[in-house]
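Residue numbers (the numbering used here): 19 to 232. Written out below as structure tokens is the structure these notes cover.
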């Protein structure tokens, strides 16, 4: 393969990585109306992590946002919203509770897999560490089981003022009953990035036509 082809292929692969980032525990995209189930994940009770499934396939790992509502494993729930607010609000309010940017910061870095680099005490394969993350989320969201720990201190120093690609997964039982809202990583490829990837593929096709022997 010629040097020009190598450079072009590198750019295409780079565009692909930008368009489809590796997020570790994020596998399937969820939409309003989807029916999901939960399995217990690594981490002490109560709280997460939880494994979320859609159509029998693993979707991603989540954490609780409320301490006064619940979920049951192997029970179907319907996604009724993907928003920036916990619908019932949790134990600190009953009128809706906007997601705190500090919670979004911690969950974002958990999902992209570098939280252990930011907090050396955190181990994503440790049940105790995942309990620390759940307790930090509850503390930031002012839920009564929250614990002010090293992850809260990290989030306080982050300077995040918005929630980025992190959202609240608002769910209900299939008969419309309230259920525990969950965290959700809603990152999707930007249209401009997809266009870049398409242009790269088109460029490769053109290059191969002009250089049939590579």
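Beta carbons: idealized from backbone N, C-alpha and C, even for Gly.
Test item: CB-CB of residue i and residue j under 8 Å
i	j	result
residue 172	residue 184	no
residue 60	residue 67	yes
residue 181	residue 122	yes
residue 88	residue 160	no
residue 125	residue 56	no
residue 117	residue 186	yes
residue 133	residue 104	no
residue 96	residue 51	yes
residue 192	residue 94	yes
residue 71	residue 129	no
Neighbour-count burial assignment, residue i, 16 or more Cβ in a 10 Å radius
i	result
residue 76	exposed
residue 146	exposed
residue 170	buried
residue 40	Note that residue 40 scores 40 on pLDDT, short of 50, meaning its location in the model is unreliable; the coordinates nonetheless yield the value given after this. With fewer than 16 Cβ atoms within 10 Å of its Cβ, residue 40 is classed as exposed.
residue 114	exposed
residue 85	buried
residue 162	exposed
residue 165	exposed
residue 79	buried
residue 152	buried
7 Å Cβ shell around residue i - same chain, five flanking residues per side excluded
i	result
residue 179	119
residue 139	168
residue 141	134 and 147
Assigned secondary structure, residue i (DSSP; H/G/I helix, E/B strand, else coil)
i	result
residue 145	helix
residue 117	coil
residue 104	strand
residue 157	helix
residue 135	helix
residue 172	helix
residue 162	coil
residue 88	coil
residue 192	coil
residue 60	coil
residue 26	Residue confidence for residue 26 is low, a pLDDT of 45 falling below 50, so the modelled location carries little weight; the figure read from the coordinates is stated next. Helix.
Other residues of its chain near residue i: CB distance less than 8 Å, five sequence neighbours each side excluded
i	result
residue 58	68, 69 and 91
residue 149	61, 62 and 65
residue 101	185, 186 and 188
residue 194	none
For residue i: DSSP bridge partner residues
i	result
residue 181	In DSSP, residue 181 forms no bridge with anything.
residue 152	Answer is none; residue 152 lacks a bridge partner.
residue 65	For residue 65, which the question treats as bridged, DSSP gives no partner whatsoever.
residue 201	186
Spatial neighbours of residue i in its chain, beta-carbon cut-off 6 Å, leaving aside the 5 residues before and after
i	result
residue 176	123
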